[in-house]
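Quick notes on the structure that follows.
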Amino acid sequence: MGKDVIIACDFDSAEKTFAFLDRFTGRKPFVKIGMELYYAEGPAIVRAIKERGHKIFLDLKLHDIPNTVKKAMAVLSRLDVDMTNLHAGGTRPMMEAALEGLTRPDGTRPLLIAVTQLTSTDEETMHRDLLVTGKMEDVVMHYASCAATAGLDGVVCSPREAEAVHARCGRTFLTVTPGVRFADGDVGDQKRVMTPAEAKRIGSDYIVVGRPITAAADPCAAYERCVAEFCD
Ligand code: C5P
Numbered sequence: 002m003g004k005d006v007i008i009a010c011d012f013d014s015a016e017k018t019f020a021f022l023d024r025f026t027g028r029k030p031f032v033k034i035g036m037e038l039y040y041a042e043g044p045a046i047v048r049a050i051k052e053r054g055h056k057i058f059l060d061l062k063l064h065d066i067p068n069t070v071k072k073a074m075a076v077l078s079r080l081d082v083d084m085t086n087l088h089a090g091g092t093r094p095m096m097e098a099a100l101e102g103l104t105r106p107d108g109t110r111p112l113l114i115a116v117t118q119l120t121s122t123d124e125e126t127m128h129r130d131l132l133v134t135g136k137m138e139d140v141v142m143h144y145a146s147c148a149a150t151a152g153l154d155g156v157v158c159s160p161r162e163a164e165a166v167h168a169r170c171g172r173t174f175l176t177v178t179p180g181v182r183f184a185d186g187d188v189g190d191q192k193r194v195m196t197p198a199e200a201k202r203i204g205s206d207y208i209v210v211g212r213p214i215t216a217a218a219d220p221c222a223a224y225e226r227c228v229a230e231f232c233d
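Quick note: the sequence shown uses the numbering used here, first residue 2, plus one each step.
Pasting the structure below:
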């Protein structure tokens, strides 16, 4: 898979999601379905978006005992998504079990990406609440390295970490990066942002873009602008 723009479809109903996707007449963007939409509509929404011809990143961030995650991944794999994820904090045995569950009888499977430390967790909170000591960037790199050793395909990380992740885990280890904003756009609640062009320069493999596209007056034009800056 090459570089691509993934639209975060953070809607609370199928109706709103389809109204949004209906606006894309020429293209079938890669879309991310997160907890909000999945818990609202269940697996039917995944099948419906797939039937419309979109690639899907199912962002449910699994984290449980290895056997439970393995079985859940086997079910998600049957939904025929293109990419899904889990928390690297579930440890290597959980990530290995997830890969096993995700692999279909014919040997194919969706890409499996690990979340390292959430970007909502700062270093002080990580020390205080999780008792994970050390620098945030070292912890993120360690989690990425564990994910690579477990055989995963990449990590979700800040675009600012993409270069270091590639240096540590190899150029083919994927970096999926949210926190993207246009140079002249609203930052919103994201703290450390980058433009699509900067994310491209720094080597992100996929950018995940929500509100700059979903809340734009012309979402198709905003999407095309992302593609032009990031992919072309
Ligand atoms: O609207 P916005 O572009 O900020 O959306 C970013 C998307 O990426 C959201 O779905 C958000 O949950 C997700 N995400 C993130 N930061 C992470 C992991 C996921 O913003 N560290």
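Don't be surprised by glycine CBs; every beta carbon is placed ideally from N, CA and C. This one's a predicted model, so the numbers in the text were calculated from it and none came from an experiment.
Can you find a heavy atom of the ligand C5P that lies under 7 angstroms from the Cβ of residue i?
| i | result |
| --- | --- |
| Arg212 | yes |
| Val166 | no |
| Val82 | no |
| Asp11 | yes |
| Val209 | yes |
| Thr120 | yes |
| Gly35 | yes |
| Pro30 | no |
| Gly189 | yes |
| Gly186 | no |
| Pro67 | no |
Identify the continuous beta strand (DSSP E) that holds residue i and give its terminal residues.
| i | result |
| --- | --- |
| His88 | Met84 to His88 |
| Asp5 | Asp5 to Ala9 |
| Asp60 | Ile57 to Leu63 |
| Leu153 | First-last for Leu153: undefined, no H or E at that position. |
| Val210 | Tyr207 to Val210 |
| Val177 | Leu175 to Thr178 |
Using a Cβ-Cβ cutoff of less than 7 angstroms, which residues in the same chain neighbour residue i once the five nearest sequence positions on both sides are dropped?
| i | result |
| --- | --- |
| Lys33 | Ile7, Ile8, Ala9, Cys10, Phe58, Asp60 and Val209 |
| His128 | Thr134 |
| Ala148 | Ala89, Met96, Ala115 and Val156 |
| Cys221 | Arg24 and Phe25 |
| Ser146 | Arg169 and Cys170 |
Return the first residue and the last residue of the alpha helix (DSSP H) that residue i is part of.
| i | result |
| --- | --- |
| Ala229 | Pro220 to Phe231 |
| Ile203 | Pro197 to Ile203 |
| Phe1 | As shown, the chain starts at 2 and ends at 233. That puts residue 1 outside it, with no answer to give. |
Buried or exposed, going by whether 16 or more other CB atoms sit within 10 Å of the CB of residue i?
| i | result |
| --- | --- |
| Glu162 | buried |
| Thr176 | buried |
| Gly85 | What sits at residue 85 in the sequence shown is Thr, not Gly. Buried, since its Cβ has 16 or more Cβ neighbours within 10 Å. |
| Cys232 | exposed |
| Val181 | buried |
| Tyr40 | exposed |
| Ala216 | exposed |
| Lys192 | exposed |
Who are the Cβ neighbours of residue i in its own chain at under 8 angstroms, not counting the five residues just before and after it?
| i | result |
| --- | --- |
| Tyr144 | Ala89, Gly90, Ala115, Thr117, Gln118 and Val156 |
| Leu103 | Met74, Ala75, Leu77, Ser78, Thr85, Arg110, Pro111 and Leu113 |
| Glu199 | Pro160 |
Heavy atom of the ligand NAP less than 7 angstroms from the Cβ of residue i, yes or no?
| i | result |
| --- | --- |
| Val157 | As for the ligand NAP, it is missing from this structure, which binds only the ligand C5P. |
What does a CB cutoff of less than 6 angstroms around residue i pick up in its chain, not counting 5 residues either side in sequence?
| i | result |
| --- | --- |
| Gly3 | none |
| Val228 | Val6 |
| Ser205 | Pro160, Ala163, Thr176 and Thr178 |
| Met137 | Glu124 |
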